[in-house]
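The block underneath contains the structure these notes are about, expressed in structure tokens.
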Amino acid sequence: MSNKQPLLEVKDVKLHFPIEDGVLFKRQVGAIRAIDGISFTVREGETLGIVGESGCGKSTTARAIAQLHPVTEGNIYFEGKDLTKMSTKELLATRKNIQMVFQDPYASLNPRMTVRTIISEPLNIYVKRRLLEMSQTEIENRVEELMEIVGLSRFYKNRYPHEFSGGQRQRIGIARALALNPKIILADEPVSALDVSIQSQILNLLKDLQKEFGLAYVFIAHDLAVIEYISNRVAVMYLGKLVEIADSVLLYKNPMHPYTQALMSAAPIPDPQIEKNRKRIILKGDVPSPDKERIGCYFYDRCPKKMEYCKTHIPPMKDLVKGHQVACWLYGKKGE
Amino acid sequence: MTDTTKIEKENEQGLTNEFQQEIKGNSLTKDAWKRLKKNRMAVISIMVIALYAILSLAAPILPIHTHTKIILEHQNLRPSLTKTAGELLLEKKDLELFAFATKQAVTTTPEQKAALKKMQPNQQFDFYYDLGKEMGTVSLSASDQRIFDNLKEKVEIELLFDIKTLYYIDAAGDSKALNKLDVPKTAEALSLLTGTSAEDILNRTHKEANEQIRKELQIENENITAEELDLLLTTHLNAMRESVYNRYLKENLDGKIVNFAIDFAQQELDEVVKAGDVEFPLKTTLHMADYFTFKVEASKKHERIYIFGTDYVGRDMLARIIYGGQISIAIGFIGTITSVLIGTILGALAGYIGGKTDYLIMRVVDVLYGLPYMLMVIILMAVFGRNILNLFFALAIISWLTVARVVRGQIISLKNSEFVEAAQSMGASTWRIVFKHLVPNSLGVIIVFSTLRVPAFIMLESFLSFLGLGVSAPYASWGSLIGDAVEGMNLFPWRLLFPAMAMSLFLFAMNFLGDGLRDAFDPQSKNQL
Ligand SMILES: Nc1ncnc2c1ncn2[C@@H]1O[C@H](COP(=O)(O)OP(=O)(O)OP(=O)(O)O)[C@@H](O)[C@H]1O
Ligand SMILES: [Mg+2]
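The listed protein sequences derive, respectively, from chains A and B.
Note that my numbering has the first sequence beginning at 1, numbered continuously upward.
Note that my numbering has the second sequence beginning at 1001, numbered continuously upward.
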């Protein structure tokens, strides 16, 4: 953390999925703006939480970082090197440090592979591409070690995924992500599909692993409580744009963007006294479709505090307090 | 896979679980095998299929009567486990003669006439035969009796000779096997038997060989005028290599010598057999005209037992079915394997890569699909000539289409799964994702499809054989056997029954095996380990 250069830097990234038409000759008739210009950094060993409504582009952000979809615009730097401009070989070498954990522990493990094959797959791939030197015995030992690390008995290694519970499967997914000793793990709603009691186990496991291996996380979730628990900093996303990034404590104490405020007010608070007295902000309408190009604030249609100015001006991300950035015209218009 | 098994070996001593059970490494294939072994029907099917495979492979050394050793008199004999061909021949003759005699002797009532009209010829024979026996007054005429007795004698004494090795001892006293002699030497040897000069014999043989080649050409080019044929023959002969032409000559000459040897053996052994007290098969060495020595095996001609009966030229149905199975099974498997391989690879790549690749591959498939299936095979067979290899080839290149479509559909439905995304995020290559992740997850469909494909191929081949485009005599396939048998179905049901049964049993076994395999390759199936 003392290092000045951030581990991961996402800079003005846009990712548009083309909408195609035509039977024989495909032509682009529009685009789904899944991510429409976002920037943030992740430092070594920290957790950045990303929250937002369904369809706002959280998963797409993770995929863009993992280079599963090519970005339309912008750059993603990992340790100062631009992932979007790398050759396949370079990318593979770098990607060793960026691994993913997925939302659905049932769908993210190949049902025809044993746990051993699943966990050793990244190792085997890198050995095959000569980016890693390990003998088969070492790989075998590493698999057992990983299973112990995530809290699975090594005796299970010949079993198939369907023979495990959801929580156990997610542990397998985490073991797989850890196999190559990554520096950052992109966790796309890793606990959303799990039971609440299992959720906390997995969250604690992730925290322990972070302490032990100095991992950084990009942690995506719907659940504000989960995010608060695990994150050092939180980014709030709306319609492919970030609206607010702040240290977790600051954000939860003092949400500044109207969208964040609405989001916070919608989350239940486990204290009946407070819960009864607090005021809820109810947003009007649905999330608009992300297939239009916008000239004003992305939240304009639903914002309870909208102003005429917002309609035609896109608010930039501004540092308000140290460690608290907001993109909203309420906190100073242009030129003011 | 070998690497992992090695490690498993190394780890074995150390790895036991909390119940002191050994933990062995396993792979999907190993697990699948274990699960398959638990499926009784699948195991039986495997055994049945193995039996077929063994019979097909061992056909040349099995004690069956191949089509090269047919006895023409044994036409359309019914199957029998105990009766020899001779007994059946006599039985048949007796039935025929006696029924005919009855027909001459009695006048039928109108009701009987009406009933007879509805009957098949063989049923009419049976009817008259039974009627005659019932009356007890009918007997064979003297001439009929003579015919019967002649046949009886023939059955008893006729021999079949098998010339094993024939040596020629030339003037210098060197003895050489017949098949080692060159053409002039063979002609010389033959001249000693016929008394004509070697030169004459060679001239004659040349003529006969040309005639034979001309006939073959005529069969290949059906609609050809005589002049064109002559022209074709000249060019063909000019283009023919000498060694090939010599083979025609040699075959011709050898055949003549062997015929001499058979005649000779017949004369020599006739006496011995008539004297009685010989055990068959009779094996001796004979010397012919001082120049030839040969081993001969004589057996009674009509002593064979055909447990599956014979066909219209006296070929043993059992041998036909086994040899037919060879071809049918080969077509089924080779066709399936090639079509599934091509289809899976192309379908999987089209499905996974998508975009232009997909578009290109699938349009090719669509176009080929649009062309009539049968027509394609027929055209291919016409272009490349009618032989079994071309038949395989023709079937394979048109039948991957469906596999490609099915696999592509499967792959498309799987390619957005998270486990594929996970593999992508680990840097897995396209090849790895397709063949380690997607294809294994489509195995169920592929396997079921393949096992359905095998019967389909066998059927398709049958159909082609039926049209006269598949295998041609003397080769047979189950399909061609059934096709041939349909004609005389009422009279000779065994000719249809046995090949059909052999084929059905095989197809049943394939289907059960397919089911078993599909379950075995699915770790989530109910057949737990
Ligand atoms: N492969 C794709 N092709 C086209 N559009 C896509 C694709 N993937 C995502 N989208 C669109 O991009 C937008 C953002 O999707 P994304 O999956 O990132 O949402 P999310 O924030 O992860 O939602 P959730 O919380 O439900 O997982 C959605 O409108 C979605 O329809
Ligand atoms: Mg998502």
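Note that the Cβ used here is the ideal one computed from N, Cα and C, for glycine as well.
Query	Result
Any 3 or more C-beta pairs closer than 8 Å across the stretch 1429 to 1448 of chain B and the stretch 97 to 106 of chain A	no
Within 7 Å of chain B by C-beta, residues of the stretch 151 to 172 of chain A in sequence order	Phe155, Asn158, Tyr160, His162
Cβ of Ser1417 (chain B) within 7 Å of any chain A Cβ	yes
Short Cβ contact (7 Å threshold) for Phe40 (chain A) with Ile227 (chain A)	no
Nearest-angstrom Cα separation, counted from Met317 (chain A) out to Val13 (chain A)	14 Å
Buried versus exposed call for Thr312 (chain A) [16 or more other C-beta atoms within 10 Å across all chains shown]	exposed
Contact set between Phe299 (chain A) and chain B, taken where Cβ atoms lie within less than 8 Å	Chain B residues near Phe299 (chain A): none, gap ~30 Å exceeds 8 Å.
Beta-carbon gap between Ala235 (chain A) and Ile50 (chain A) smaller than 7 Å	yes
7 Å Cβ cutoff, Ser192 (chain A) in contact with chain B	no
heavy atom of ligand 2 below 6 Å from Ser1462 (chain B) C-beta	no
Paired residues, beta bridge with Gly52 (chain A) - DSSP	A:Met237
Contact list for Pro1523 (chain B) against chain A, beta-carbon separation under 8 Å	Pro111, Arg112, Tyr160, His162
Assumed close pair Leu224 (chain A), Leu263 (chain A) - CB separation to whole angstroms, cut-off 8 Å	7 Å
Under 9 Å by beta carbon: chain B residues contacting Ser379 (chain A)	Coverage of chain A is limited to positions 1 through 336, which leaves residue 379 (chain A) absent and any answer about it impossible.
Near ligand 4: Cys328 (chain A) beta-carbon under 6 Å from a heavy atom	The model on display carries ligand 1 and ligand 2 but not ligand 4.
Ser1417 (chain B): CB within 6 Å of a non-hydrogen atom of ligand 2	no
Alpha-carbon to alpha-carbon, Lys1164 (chain B) and Thr1285 (chain B)	10 Å
Where Asp82 (chain A) meets chain B, residues with beta-carbon distance less than 8 Å	Under the 8 Å cutoff, chain B gives no residues; its nearest Cβ is about 18 Å from Asp82 (chain A).
Cut-off 6 Å between Cβ atoms - residues of its own chain near Ile1331 (chain B), not counting five sequence neighbours on either side	Phe1457, Glu1461
Lys58 (chain A) Cβ short of 6 Å to ligand 1 heavy atom set	yes
Beta-carbon gap between Asn181 (chain A) and Glu46 (chain A) smaller than 7 Å	no
Which of helix, strand or coil DSSP assigns to Gly37 (chain A)	strand
Minimum Cβ-Cβ distance from Pro70 (chain A) to chain B less than 7 Å	no
Neighbourhood of Lys1037 (chain B) by C-beta, 8 Å cutoff - its chain only, sequence neighbours within 5 removed	Val1043
Near ligand 1: Ile32 (chain A) beta-carbon under 6 Å from a heavy atom	yes
Rounded C-alpha distance that separates Phe1508 (chain B) from Ser1045 (chain B)	8 Å
Contacts that Val100 (chain A) makes with chain B (C-beta to C-beta distance below 7 Å)	A quick correction: the sequence has Met, not Val, at residue 100 (chain A). The answer, in chain order, is Ala1422, Ser1425.
Members of the stretch 202 to 217 of chain A that neighbour chain B once the beta carbon cut-off is set at 9 Å	none
Beta carbon proximity, Ala122 (chain A) to chain B, threshold 7 Å	Note that residue 122 (chain A) is Pro in the sequence shown here, rather than Ala. Interface residue, yes.
Neighbour flag for Leu7 (chain A) against chain B, beta carbons, 7 Å	no
Option in A:Met86, A:Thr117, A:Ile174 with minimal Cα separation from Asn158 (chain A)	A:Thr117
Beta-carbon gap between Ser108 (chain A) and Gly37 (chain A) smaller than 7 Å	no
Top-ranked residue by Cα proximity to Lys253 (chain A), from A:Leu146, A:Ser265, A:Tyr77	A:Ser265
Heavy atom of ligand 1 within 6 Å of Ser1399 (chain B) beta-carbon	no
Which residues DSSP lists as bridging Glu1303 (chain B), in chain order	In the DSSP output, where bridge partners are listed per residue, Glu1303 (chain B) has none listed.
Sub-7 Å separation of Gly1324 (chain B) and Leu1496 (chain B) beta-carbons	no
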